[in-house]
Amino acid sequence: MSVWRLGDQKPPEPRPVADGVVMRFDHVYEVDPAKMGQHVEQQTLPAWETTQRIVAGREDHLDWMHDHFADSVLLAGEESETETTEGAKLLAGKEAEDKATETQGGQQITTEELKNKGSEGGLGL
Amino acid sequence: MSVAMKSAVDGGVIDELRAIIGDDTQVLPNLTSRVNRTRVPAPFPVHRWADHMPDVAVLPTAAEQVSEVVKLANRLKIPVVTRAGGTGLADGAVPLRGGILVDVKLMNKIKEIDLTDRAVTVGPGINMLKLNEELKRHGVFYPDDPASYPCSLVGGRIGASGFSLLSARYGHTRDLVMSMQVVLPTGEIVEVGEGGGRKLRKSSTGFHLKQLFMGHQGTLGITTEATLELVPRPEVEFAAFFAFDDYMKAYQTVGRLTKSGLSTIAGVVLFDEWKLAYLRRDDEAYIPQPPWVKAVVAVAMYGSRTELEAASRRVMELGRSEGGKYLGDEISAGDWASRHDRYATPLHGRLRDGQVVPMSWHCEDAALNYSVLPKVREEWHAIVDRYIDEYGIFDDWGMFAYTSSAYKPWGDYLVEIDVGIWEQMFNEENWRAWVNLKREIAEVSLKYGGSITSCHGATREGDAGLVPREMGSAWEVVKRIKRALDPNNVMNPGKQSLDEAYASTNGKQP
């Protein structure tokens with residue numbers, strides 16, 4: 031049985047992570063609400079809406095795309111050489127956790143494994 | 081140029097269309113059906129919506145029905161506009177003079193899969209994603225890969241002669257279509273291919289008519305069937321993204337990658353400084369990047385495991401050869417996957433003061449050689465910047481350059497500048513400003529020896545007027561072909577300056 035607790039759906043308070051960007055959940059960036067006051071009305075989303083419908087849906091979509099184009103994905107097996115901003119620092123704990131489970135050096139994973147690993151894909155054009 | 085014809089769709093025409101189609105639910109004169117088939121994702125004159133509505137939409141299921149519809153249109157001199165997915169980034173599927181809109185979405189069947197001679201025959205209404213879902217079980221793949229992969233249709237790809245992200249490995253739509261069945265503007269049904277073969281890749285018999293019916297934007301006929309190339313389903317995909325502190329270092333890296341001789345390279349993409357600035361404010365993959373990241377190079381390869389394991393190591397060396405920093409596995413794999421579907425993006429832009437506004441997406445494209453990319457980039461951005469200052473409804477979303485040669489990564493590039501437009505603010509003055517912005521960008525492409533479009537088609541106000549200049553001495557031939565095949569100017573009239581073919585009648589029917 032799934033349980034829906036209304037109290038769990040209140041998103042955490044946003045914290046600034048870059049110029050004009052805030053973050054409530056790890057890896058989920060939002061435009062600073064101060065920039066959305068005049069021409070766009072910002073909605074308050076329940077936590078489920080963000081973490082499940084939007085984020086999990088996006089990950090499913092990217093996995094689906096991978097699966098359409100090849101049987102497996104070859105990765106270089108290397109971490110980013112660039113991420114140093116506040117946002118990246120905030121995620122450092124999670125990254126360290128991920129690193130412990132990854133194999134170094136060129137590795138090949140199936141699209142199913144990639145889904146389990148999680149992949150980051152852009153939203154901008 | 082004056083209006084070529086005034087639409088003459090009345091109750092009698094609707095009755096004739098119903099008799100041809102044989103199912104009243106597939107003849108749609110109601111307002112909702114027409115409104116839904118009026119515009120495409122590209123910026124649209126919302127203040128003049130009714131100017132572009134068709135008078136009736138029909139959804140045929142067979143070439144014979146299309147043929148009869150076109151014959152009716154010819155008899156009564158009614159415009160015919162074809163629409164597939166309606167995902168075009170120019171106005172190919174947007175009616176300029178009302179008329180009958182032929183929506184091919186119900187012609188979406190797979191008619192034959194030939195695994196021996198490696199060909200699949202389909203109707204024009206099938207989508208590449210759906211086609212590949214079926215092909216996957218056979219171990220083959222149709223590798224036409226636009227940024228609208230999940231939503232564009234084969235017929236539209238043919239009509240626009242679309243660009244494929246994987247062209248360096250597999251070619252573009254024009255290279256992947258072996259033959260077609262086409263309903264001509266006078267209603268005859270013809271087969272065009274390499275010579276007389278339906279599944280041949282090369283012939284020296286007669287004229288090469290197939291390419292004539294590629295990218296005509298619905299002005300020369302309606303494709304009702306196509307036989308397409310099948311390639312082995314790739315065993316492995318590899319993508320790597322590299323960050324640079326300077327655009328020219330990224331540009332040089334693109335040159336190294338494309339001349340590397342690695343035959344599994346499917347595409348290389350160059351993101352410029354404006355693109356990084358745009359992505360850093362709104363894209364979760366780039367927001368965390370530090371300020372020194374000014375440009376990005378992405379490379380993707382497809383092939384067997386044996387090929388790609390070796391080639392990927394070379395790509396990692398070349399990507400770093402001018403100081404590039406690897407962006408990591410997550411962004412490389414994830415961002416590349418998202419490149420197949422750029423239509424799922426929430427579109428908003430910023431005003432100069434940083435305020436968010438809803439914006440639609442204008443993607444102005446061009447075909448340009450490698451040597452001119454840096455200079456064109458500067459001039460395009462300067463144009464957009466000027467219009468942002470003057471009108472306050474535009475936003476510069478940066479530029480991409482994609483490798484665009486077929487079966488090789490060097491030489492040509494599809495170059496795009498993405499411009500956000502606050503469409504709700506369109507009035508006639510702002511609309512004219514956008515048309516002029518577009519024309520200025522296209523003129524830069526011509527100045528540097530390029531083509532004003534590599535992907536979307538020159539069918540919009542602004543660049544459509546430049547088609548005769550680009551075609552040069554061949555323009556007279558183009559007009560003769562148009563007039564010979566479409567004597568009554570019924571096929572998508574008003575597009576690509578082709579009304580000039582009827583200049584002696586002032587654009588009207590002879």
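Protein chains in written order, with this note's numbering: chain A, 31 to 155; chain B, 81 to 590. Note that beta-carbon positions come from the ideal geometry of N, C-alpha and C, so glycine has one too. From a predicted model like this one, the values you see are computed outputs, not experimental measurements.
If we count the other Cβ atoms within 10 Å of its Cβ and call it buried at 16 or more, is residue i buried or exposed?
i	result
B/H218	exposed
A/E132	Residue confidence is low: A/E132 scores 40 on pLDDT, short of 50, so the model does not pin down where it sits. Its coordinate-derived value is still stated next. Exposed, since its Cβ has fewer than 16 Cβ neighbours within 10 Å.
B/W477	buried
B/Q297	buried
B/N507	exposed
A/A130	Because the pLDDT of A/A130 is 42, which lies under 50, any placement of that residue in the model is unreliable, and the number read from its coordinates should be weighed accordingly. By the 10 Å Cβ count, A/A130 comes out exposed.
B/M328	exposed
A/V33	exposed
B/A391	buried
A/D56	exposed
B/W502	buried
B/H536	buried
B/E213	exposed
B/T105	exposed
B/V466	In the sequence on display, residue 466 of chain B carries Arg and not Val. Classification for B/R466: exposed.
B/S577	buried
B/S247	buried
B/F324	buried
B/V282	First, the amino acid is wrong: residue 282 of chain B is Lys here, not Val. Per the 10 Å Cβ criterion, exposed.
B/N656	A query on residue 656 of chain B cannot be resolved here, the shown segment of chain B reaching from 81 to 590 and no further.
B/D95	exposed
B/R432	exposed
B/D183	buried
B/S228	buried
B/H132	buried
B/I165	The sequence shown places Gly at residue 165 of chain B, not Ile. Buried.
A/E89	buried
For residue i, which option in the options has the closest C-alpha, if you only look at C-alpha atoms?
i	options	result
B/G236	B/F221, B/V174 and B/L565	B/V174
B/H461	B/A564, B/A538, B/S485 and B/W354	B/W354
B/S534	B/L245, B/M260 and B/Y406	B/L245
A/M66	A/V52, A/S110, A/G107 and A/R83	A/V52
B/L592	B/Q297, B/V311 and B/P226	Past the boundaries of the shown model lies residue 592 of chain B; chain B is included only from 81 to 590, so the question cannot be answered.
B/A170	B/A583, B/S525, B/K575 and B/P567	B/K575
B/P370	B/V456, B/N568, B/L407 and B/P109	B/L407
B/A486	B/D95, B/D225 and B/D183	B/D225
B/I180	B/K189, B/G168 and B/R163	B/R163
A/G50	B/S531, B/Y528, B/V436 and B/A554	B/V436
B/A88	B/A581, B/R249 and B/V570	B/V570
B/I190	B/L211, B/V184, B/V182 and B/M133	B/L211
B/R114	B/D103, B/I100 and B/W129	B/W129
B/A199	B/T141, B/G277, B/I468 and B/W372	B/G277
B/Y250	B/S340, B/E274, B/T344 and B/L233	B/T344
A/V205	B/I367, B/V456 and B/D579	The structure shown does not extend to residue 205 of chain A, since chain A spans only 31 to 155, so no value can be given for it.
B/T299	B/S451, B/A240, B/D135 and B/Y471	B/A240
B/L453	B/K290, B/V334 and B/D103	B/V334
B/I193	B/T118, B/K185, B/L209 and B/K216	B/K216
Sort out for me which residues DSSP pairs residue i with in a bridge.
i	result
B/K405	B/A323
B/F221	B/V311
B/M260	B/V272 and B/A306
B/V161	B/L181
B/G383	B/V316
B/I190	B/V202
B/E144	DSSP output for B/E144 lists no bridge partner at all.
B/V377	B/F322 and B/L350
B/S577	Bridge partners of B/S577: none, in fact.
Rounded to the nearest angstrom, how far is the Cβ of residue i from that of residue j, given a contact under 8 Å?
i	j	result
B/V138	B/L111	With 8 Å as the limit, B/V138 and B/L111 do not qualify as a contact, their Cβ atoms being about 16 Å apart.
B/M260	B/T303	5 Å
B/N572	B/V161	5 Å
B/Y222	B/L280	Rounded, the Cβ-Cβ distance is 17 Å, inconsistent with contact.
A/T80	A/P41	7 Å
A/Y59	B/E364	5 Å
B/V238	B/P265	A quick correction: the sequence has Ile, not Val, at residue 238 of chain B. Actually they are not in contact, since the Cβ atoms of B/I238 and B/P265 sit about 16 Å apart, beyond 8 Å.
Please tell me whether residue i has its Cβ less than 8 Å away from any Cβ of chain C.
i	result
B/E353	Here chain C cannot be found, since the structure's protein chains are A and B.
Task: the region 510 to 522 of chain B / the region 435 to 451 of chain B touching (three or more Cβ pairs under 8 Å) - done: Flag = yes, the region 510 to 522 of chain B and the region 435 to 451 of chain B touch.
Task: Cβ contact check for the region 320 to 328 of chain B and the region 387 to 399 of chain B: 3 or more pairs under 8 Å - done: yes
Open item on the list: Taking 8 Å as the cut-off, does the region 410 to 419 of chain B touch the region 92 to 103 of chain A (at least 3 CB pairs, one atom from each stretch)?
Closed with: yes
TODO: For the region 175 to 182 of chain B and the region 120 to 128 of chain B, state whether three or more C-beta atom pairs, one from each stretch, are separated by less than 8 Å.
DONE: no
TODO: Tell me, please, whether the region 445 to 454 of chain B touches the region 495 to 510 of chain B by the rule of three or more beta-carbon pairs shorter than 8 Å.
DONE: yes
Task: the region 152 to 167 of chain B contacting the region 270 to 290 of chain B, beta-carbon criterion three pairs below 8 Å - done: With contact defined as three or more Cβ pairs closer than 8 Å, the region 152 to 167 of chain B and the region 270 to 290 of chain B are not in contact.
- [ ] Please confirm if the region 371 to 379 of chain B is in contact with the region 343 to 353 of chain B, defined as three or more CB-CB distances below 8 Å between the two stretches.
- [x] yes
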